[in-house]
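Notes for the one structure printed next.
In this note's numbering, the protein residues as written are 65 to 205.
In structure tokens, the structure reads:
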């Protein structure tokens, strides 16, 4: 199993495995993000029921996720593993406004809502989104 490490990245857990971009994009679409384009990033499969996309940006990490239907009760464990893996970095999560449960989950991990409004979403037109951020060490500003 090979993967690229970025600054602050921890070793992969036993349940988090690096997968290729094509497979990761297909799983994002299959498991709930129907309009997901094939974007460059690091794709990780969590316990065969969750997929994460980690995009390294200047000064922060952009994080996206999708979970297999019927397995969403594992979200807390999955997010715990991926945030541990990312380490002490600022993390941004772009969440569609209608995904209230995802916002609630993010709040439980120290994310705060920093912006809300309409935005052009690749492959999905204009959608209302919420930008949630988790600052270094999980702190709010």
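In this text, a Cβ means the ideal position worked out from N, Cα and C, and glycines have one as well.
Since this is a predicted model, take the numbers as computed values, not measurements.
{"Item": "Do the segment 165–174 and the segment 103–113 meet, that is, are 3 or more Cβ pairs less than 8 Å apart?", "Value": "no"}
{"Item": "Say whether the segment 177–189 touches the segment 86–100, bearing in mind that this needs 3 or more beta-carbon pairs closer than 8 Å, one atom from each stretch.", "Value": "yes"}
{"Item": "Can you name the residues that DSSP bridges to residue 206?", "Value": "Residue 206 lies beyond the stretch modelled for the chain, which goes from 65 to 205, so this question has no answer here."}
{"Item": "Going by DSSP, name the residue or residues bridged to residue 131.", "Value": "114"}
{"Item": "Span of the alpha helix (DSSP H) holding residue 176?", "Value": "Where residue 176 is concerned, there is no enclosing alpha helix (DSSP H), although the beta strand (DSSP E) it sits in stretches over 176–185."}
{"Item": "Might you give, ordered along the chain, the residues of its own chain that have their beta carbon closer than 6 Å to the beta carbon of residue 117, omitting 5 neighbours on each side?", "Value": "105, 107, 128"}
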